[in-house]
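Visitor: Residue numbers (the UniProt record's numbering): 1 to 759.
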């Protein structure tokens with residue numbers, strides 16, 4: 001049979017019985033311009049022609065489907081003549097363009113919502129008709145009509161594969177996707193792996209990410225009850241083995257798991273000490289369960305992330321987030337954080353305002369900045385980088401007034417008055433701009449640098465997702481572990497380099513963790529570059545020495561040991577700023593008041609979490625903090641002279657002996673005390689910039705420090721530590737000219753008996 005180039009013949013065929021065909025059996029093919037039919041085809045052999053034969057309907061369908069894909073459209077089965085199992089069965093089949101015909105208007109019932117989805121059908125007349133014949137009793141199908149004129153644009157090769165007809169998955173591919181899901185792989189990881197296996201280019205698989213997600217959802221719809229039962233069984237098993245493990249869940253009327261949250265015993269203990277500022281991340285989804293994953297994390301006194309709990313939510317709405325926050329507070333005995341950082345989610349924002357009304361809510365700046373490229377790169381063009389630099393400058397300003405003036409100037413300069421994202425950012429400025437947040441404590445978690453470690457920490461949870469014992473895998477990935485003896489010893493003898501050689505620096509090095517001390521030291525190094533100008537006896541202006549105006553306002557009241565700066569760095573991070581440190585140094589103050597060395601940044605905070613967990617009364621917590629503060633002051637005052645050191649060592653030894661006479665808590669209770677040996681006092685080695693060690697521990701870190709060794713160390717190294725002004729360390733005094741041994745506030749105290757006067 002020749003290929004008819006004109007495609008103008010009218011073909012009339014009779015049926016298998018020899019009857020004349022009716023008008024509906026006639027296929028009319030009009031002349032079609034060559035560039036319409038053949039210009040987008042790679043092989044002329046794929047062009048259907050009148051009389052072409054096929055062994056079955058399916059063979060004809062596959063042939064026409066291949067032709068349509070090359071041209072840029074898809075096909076669907078249309079009219080038939082005859083019925084399977086009735087008479088001669090189906091004798092004719094029409095295949096049409098997927099945009100053929102017109103959408104049917106469905107009658108809508110009153111009050112019933114109808115889907116308002118636009119149809120792709122536009123009355124396209126392209127089709128191919130096949131008729132069944134039997135020559136020599138061998139049935140076959142022949143093309144009797146063909147038209148390739150379309151009244152719509154044809155798709156490009158990279159677009160046509162997205163049509164539903166070509167997004168197909170084989171049974172083997174479905175099986176592999178199910179296996180990948182059980183292994184905890186994300187959908188994107190699955191697609192990339194299958195692209196590599198098949199050797200196709202990126203995005204050239206016969207199915208899309210949406211198809212994979214729909215397939216996984218169909219799996220979950222079949223096994224959703226089993227998934228919920230498995231997850232609940234994991235939590236129940238964990239609870240049976242650890243009574244301090246906490247979890248809660250909610251199942252809807254259809255027995256479907258809607259929400260589930262849990263927290264480990266060590267997480268609750270960690271939150272007791274470091275739950276003042278937290279992050280609630282809800283930007284990830286667990287593909288295994290098709291649920292939103294929310295993670296509560298914070299930062300401990302060593303600057304490392306700590307895990308507080310997690311939640312799985314079926315829906316993303318205010319009700320789900322309210323349930324999550326309420327459950328979290330129940331886990332933590334009703335203790336809400338001072339501040340909380342989240343993504344820019346309006347549902348979560350509303351839930352926090354209801355469930356945590358006393359908590360300052362802020363948005364993670366790195367989530368906002370990550371969207372800038374999509375929001376502003378096109379409208380700003382070549383000015384995008386310059387605008388971004390200006391945004392960062394405004395973000396870091398100190399004054400609210402300066403920020404708002406600068407924002408208006410930026411909008412005017414770049415013509416962004418009508419930009420919806422700029423309008424939204426300014427409306428929500430109190431949730432992300434630092435000038436509005438500096439008065440609240442965020443433990444340094446607002447910085448973009450901290451976001452890298454937080455994202456890496458969250459990734460550990462995402463890597464743990466699997467249908468097999470997910471709860472235990474999360475515990476193994478992120479659960480807080482008590483440091484071993486070696487790690488504890490390394491922390492205690494960690495060398496800290498003293499760069500300034502000032503008494504303030506030496507004092508802070510003995511109290512703060514290396515992480516917190518390094519933050520304070522950065523401010524100490526910069527402090528000498530600032531000039532301190534006294535306005536009155538308690539009011540100072542501190543500014544960079546090259547500036548003639550401006551600067552920060554510092555209030556210092558020595559009698560009350562109160563100091564404050566308008567930059568609010570201490571309120572924001574718990575670390576004193578360079579302006580305050582400059583005022584202290586120029587006014588002959590040689591140690592930082594205890595209240596400005598927060599317990600949460602001290603090196604003993606971790607060991608204090610146990611007594612807080614055991615004795616939860618506020619009175620006990622205050623006593624422990626007072627004891628910790630007095631011990632810190634004892635160290636500072638004792639090393640000034642050898643006589644003081646002798647008295648301190650003798651008195652502390654008596655106190656320890658007296659304490660040991662009291663019984664310890666019973667088995668199973670949390671121990672009170674430090675993890676270091678009770679008969680020794682091991683403090684960090686402090687090394688100055690020249691390598692000179694102002695150490696308080698013997699060379700052998702595992703050997704107790706005795707009075708004799710400390711004397712030998714002082715004589716060998718030639719240490720001569722002294723103060724120009726004596727200052728009382730009693731918290732309620734703080735006056736100059738005397739110390740704790742002869743303080744009037746301490747009269748009547750037993751300083752020479754059992755030594756309790758020191759504590």
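Cβ atoms here follow ideal geometry from the backbone N, Cα and C, with glycine treated the same way.
If you drop the 5 nearest sequence neighbours on each side, which residues of the same chain put their C-beta closer than 8 Å to that of residue 59?
Guide: 141
Visitor: From the DSSP secondary-structure annotation, give me the bridge partner or partners of residue 299.
Guide: 305
Visitor: With 16 as the cutoff for other CB atoms within 10 Å, does residue 190 come out buried or exposed?
Guide: buried
Visitor: May I ask you to report which of helix, strand or coil DSSP gives residue 290?
Guide: coil
Visitor: Measuring CA to CA, which of 535, 188, 200 is closest to residue 158?
Guide: 200
Visitor: With the cut-off set at 7 Å, would you say residue 98 and residue 126 are in Cβ contact?
Guide: no
Visitor: Give the single residue among 102, 133, 128, 132 whose Cα lies nearest to the Cα of residue 120.
Guide: Per the C-alpha coordinates, the member of 102, 133, 128, 132 positioned closest to residue 120 is 102.
Visitor: Tell me whether residue 259 sits in a helix, a strand or coil according to DSSP, three-state version.
Guide: strand
Visitor: Could you give the DSSP three-state label for residue 194: helix, strand or coil?
Guide: helix
Visitor: Would you call the CB atoms of residue 187 and residue 153 closer than 7 Å?
Guide: no
Visitor: In the DSSP assignment, the alpha helix (DSSP H) including residue 267 goes from what residue to what residue?
Guide: 265 to 274
Visitor: What does the alpha-carbon distance come out to for the pair residue 192 and residue 378?
Guide: A direct Cα-to-Cα measurement between residue 192 and residue 378 gives close to 29 Å.
Visitor: Residues in the same chain with beta-carbon distance under 8 Å from residue 359, minus the five sequence neighbours each way, listed in chain order, please.
Guide: 336, 337, 338, 339, 340, 352
Visitor: Is the segment 296 to 303 touching the segment 512 to 532, taking contact as three or more C-beta pairs under 8 Å?
Guide: yes
Visitor: At the level of alpha carbons, what is the spacing between residue 363 and residue 155?
Guide: 43 Å
Visitor: Any idea if residue 548 is buried or exposed, counting beta-carbon neighbours within 10 angstroms, 16 or more meaning buried?
Guide: That one is exposed.
Visitor: With respect to the alpha helix (DSSP H) encompassing residue 412, which residues constitute its N-terminal and C-terminal limits?
Guide: From DSSP, the alpha helix (DSSP H) with residue 412 extends over 400 to 414.
Visitor: Hey, would you say residue 267 sits closer than 7 Å to residue 309, going by beta carbons?
Guide: yes
Visitor: On the CB-based measure, 16 or more other CB atoms within 10 Å of its CB, does residue 536 come out buried or exposed?
Guide: exposed
Visitor: Taking the alpha helix (DSSP H) that residue 531 belongs to, which residues open and close that run?
Guide: Element bounds for residue 531: not the alpha helix (DSSP H) but the beta strand (DSSP E), 530 to 536.
Visitor: Between residue 22 and the rest of its own chain, which residues show a CB-CB distance below 6 Å, the 5 nearest in sequence each way excluded?
Guide: In this prediction, residue 22 has a pLDDT of 37, which is less than 50 and means its spatial position is unreliable; nothing more can be read from the coordinates.
Visitor: Are the beta-carbon atoms of residue 542 and residue 525 separated by less than 7 Å?
Guide: no
Visitor: How many Å lie between residue 357 and residue 182 at the Cα?
Guide: Cα-Cα distance, rounded: 40 Å.
Visitor: Would residue 282 and residue 294 be called neighbours here (beta carbons separated by less than 7 Å)?
Guide: yes
Visitor: Classify residue 641 as helix, strand or coil using the three-state DSSP reduction.
Guide: coil
Visitor: Between which two residues does the beta strand (DSSP E) harbouring residue 539 extend?
Guide: 539 to 544
Visitor: Rounding to the nearest angstrom, what Cα-Cα distance links residue 432 and residue 365 in this structure?
Guide: Rounded to whole angstroms, residue 432 to residue 365 spans 6 Å at the Cα level.
Visitor: My parser needs the alpha helix (DSSP H) runs of 4 or more residues fully inside the segment 136 to 179; what are they?
Guide: Every alpha helix (DSSP H) stretch that sits fully inside the segment 136 to 179 and reaches 4 residues is listed by chain position as 157 to 160.
Visitor: Take the Cβ of residue 241 as the centre, count every other Cβ of all protein chains shown within 10 Å, and call the residue buried at 16 or more, exposed below.
Guide: That one is exposed.
Visitor: Taking residue 375 as the reference, which of 197, 63, 424, 397 has the closest Cα?
Guide: Residue 424 is the option with its Cα nearest to residue 375.
Visitor: Could you check what DSSP says for residue 498 in three-state terms: helix, strand or coil?
Guide: strand
Visitor: Leaving aside the five residues before and after residue 265 along the sequence, list all residues of the same chain whose C-beta is less than 7 Å from its C-beta, in chain order.
Guide: 242, 244, 245
Visitor: With 7 Å set as the bound, which would you pick, yes or no: does the beta-carbon of residue 630 sit closer than that to a beta-carbon of chain D?
Guide: The structure shown contains no chain D, having only a single protein chain.
Visitor: Answer with buried or exposed for residue 448, where buried requires no fewer than 16 other C-beta atoms within 10 angstroms of its C-beta.
Guide: Classification of residue 448: exposed, given that the 10 Å Cβ count is below 16.
Visitor: Could you give the first and the last residue of the continuous alpha helix (DSSP H) run that contains residue 71?
Guide: If you look at residue 71, you'll find it in the alpha helix (DSSP H) that goes 57 to 71.
Visitor: Are residue 291 and residue 312 close, meaning C-beta to C-beta below 7 Å?
Guide: Result yes, Cβ atoms of residue 291 and residue 312 sit closer than 7 Å.
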